[in-house]
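Here's the structure, in structure tokens; my notes come after.
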Amino acid sequence: MDFIDLKSQYAALRDNINARIQKVLDHGQYILGPEVKEMEAALTAYTGSKHCISVASGTEALLICLMALDLQPGDEVITSPFTFAATAEMIVLASGVPVFVDIEPGTANIDAKLIEAAITAKTKAIMPVSLYGQVADMDAINAIAGRHGLAVIEDAAQSFGASYKGSKSCNTSTFGCTSFFPSKPLGCYGDGGAIFTNDDALAQACREIRIHGQSQRYLHTRVGVGGRMDTLQCAVVLGKLDRFEWEVRRRLELGDAYRAKLQAAVPALQLLEVRPDRDCVWAQYTVFVDDRDAVQAKLKAAGVPTAVHYPRPLHHQPAYAKYGQPDACPHSIAAAARVMSLPMSADLTEEQQDQVVAALAAALA
Numbered sequence: 039m040d041f042i043d044l045k046s047q048y049a050a051l052r053d054n055i056n057a058r059i060q061k062v063l064d065h066g067q068y069i070l071g072p073e074v075k076e077m078e079a080a081l082t083a084y085t086g087s088k089h090c091i092s093v094a095s096g097t098e099a100l101l102i103c104l105m106a107l108d109l110q111p112g113d114e115v116i117t118s119p120f121t122f123a124a125t126a127e128m129i130v131l132a133s134g135v136p137v138f139v140d141i142e143p144g145t146a147n148i149d150a151k152l153i154e155a156a157i158t159a160k161t162k163a164i165m166p167v168s169l170y171g172q173v174a175d176m177d178a179i180n181a182i183a184g185r186h187g188l189a190v191i192e193d194a195a196q197s198f199g200a201s202y203k204g205s206k207s208c209n210t211s212t213f214g215c216t217s218f219f220p221s222k223p224l225g226c227y228g229d230g231g232a233i234f235t236n237d238d239a240l241a242q243a244c245r246e247i248r249i250h251g252q253s254q255r256y257l258h259t260r261v262g263v264g265g266r267m268d269t270l271q272c273a274v275v276l277g278k279l280d281r282f283e284w285e286v287r288r289r290l291e292l293g294d295a296y297r298a299k300l301q302a303a304v305p306a307l308q309l310l311e312v313r314p315d316r317d318c319v320w321a322q323y324t325v326f327v328d329d330r331d332a333v334q335a336k337l338k339a340a341g342v343p344t345a346v347h348y349p350r351p352l353h354h355q356p357a358y359a360k361y362g363q364p365d366a367c368p369h370s371i372a373a374a375a376r377v378m379s380l381p382m383s384a385d386l387t388e389e390q391q392d393q394v395v396a397a398l399a400a401a402l403a
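For the sequence shown, the numbering used here begins at 39 and goes up steadily by one.
So this is what it looks like as structure tokens:
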């Protein structure tokens, strides 16, 4: 059993993906070829956003958005410490200061009720993370941002395809940033990402920044980066889009099935809360366990792979320790000690899921 089954997905999409790749090899436009605009148009239609700007990775998407906001040295960006390092990493690389706000213990997303108290005269933006595939509390976050004149950047690396109060992830704030890393709900076969926005000026700034700040060829009107998503990776995403809505539905079904089976088999197991006004596309199906190392060892012996997302909150990472007190964000600290992710992908079979549930029940007995 694979933790994420990409081989079965490719087998189902082989002809479409291969044809898309071959078309790029035939026309030879490997950078900003026609598939780039085709993918951007398709994803704009999918999310309902006005603009989609493809970029080299989800990490690059965050950096480009911060650059488009003209972040200055010392400007603060409020975010969660319970996330992958790229979230804070890009704030620091953009000359900003990450300000960590604790998570809700049930959803593992940033607690919107704690954000306003963290705002200072230096705050420039709020960067919530839609962790595990569930969109953060964007209405509350946007309301806070509106009162204080702040931008909001949704780090939607794990939540592309998720819905929030009738809107799609990536179309709920100033910017939405997603990743097409192969393991993500919509992945390519390398690195890739995208920025979504409804602001014309910010969209133009992002397009210029991704090609070294050029407003036209060899006219560099702003500082930029080499942040394009190559044509081959866009072709792979296009090859997967025909099945993507089915995959989202399947992820929702598998998430519901995991919940029902785990509640029946291990009633005391703490599961991630999914709020009734949104769904979760389960980039990872994550549960909370005590004595995690021992549980993982038992699952490994039973042929069930697991992972930990994430074993340390960012303010406990050496690179970011100076941005928070060690005992700050207690819910993030507690989650990092207990989270464990189970196998999840759209092609996970019922038999495999039953094997996972049985193995976990035995490990916790």
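For each residue, glycine too, the CB sits at the ideal point set by N, CA and C. Model, not experiment: these values are computed from the prediction.
| Query | Result |
| --- | --- |
| Using a Cβ-Cβ cutoff of less than 7 Å, which residues in the same chain neighbour cysteine 394 once the five nearest sequence positions on both sides are dropped? | The amino acid occupying residue 394 in the given sequence is valine; cysteine does not appear at that position. Cβ within range, chain order: Val342, Leu380 and Pro381. |
| Quick one: using the 10 Å Cβ neighbour count with 16 as the cut-off for buried, is arginine 248 buried or exposed? | buried |
| Helix or strand or just coil, what does DSSP make of alanine 159? | coil |
| Check cysteine 318 in the structure and name its three-state DSSP category. | strand |
| Rounded to whole angstroms, what's the CA-CA distance from serine 168 to tyrosine 68? Just pull it up for me. | 32 Å |
| Less than 7 Å separating the beta-carbons of valine 74 and threonine 269? | yes |
| Under 8 Å, with one C-beta from each stretch per pair, do the region 93-102 and the region 242-262 reach the 3-pair mark? | yes |
| Since methionine 176 and serine 211 should fall inside the 8 Å C-beta cutoff, what is the C-beta to C-beta distance between them, to a whole number of angstroms? | 6 Å |
| Taking its Cβ as the centre, do 16 or more other Cβ atoms sit within 10 Å of lysine 222, making it buried, or is it exposed? | buried |
| Whole angstroms is fine: what's the gap from alanine 239's alpha carbon to alanine 159's? | 25 Å |
| Hey, valine 325 and leucine 337: beta-carbon distance below 7 Å or not? | no |
| Exposed or buried, tryptophan 284, counting other C-beta atoms within 10 Å across all chains shown (16 or more means buried)? | exposed |
| Quick one: using the 10 Å Cβ neighbour count with 16 as the cut-off for buried, is proline 364 buried or exposed? | exposed |
| Around the Cβ of glutamate 98, are there at least 16 other Cβ atoms within 10 angstroms (buried) or fewer (exposed)? | buried |
| From the DSSP secondary-structure annotation, give me the bridge partner or partners of tyrosine 202. | Ser205 and Arg316 |
| Once the 5 residues before and after glycine 86 are set aside, which same chain residues still bring their CB inside 8 Å of it? | Ser205, Lys206 and Asn209 |
| Please classify tyrosine 344: is it buried, with 16 or more other beta-carbons within 10 angstroms of its beta-carbon, or exposed? | In the sequence as presented, tyrosine is not what sits at residue 344; that position holds threonine. Buried: at least 16 other Cβ atoms inside 10 Å. |
| On the CB-based measure, 16 or more other CB atoms within 10 Å of its CB, does glutamine 60 come out buried or exposed? | exposed |
| For glutamine 254, write down the residues that DSSP places opposite it in a beta bridge. | Leu257 |
| Under the three-state reduction of DSSP, which class applies to glutamate 192: helix, strand or coil? | strand |
| Going by other Cβ atoms of all chains shown within 10 Å of its Cβ, with 16 needed for buried, is lysine 278 buried or exposed? | buried |
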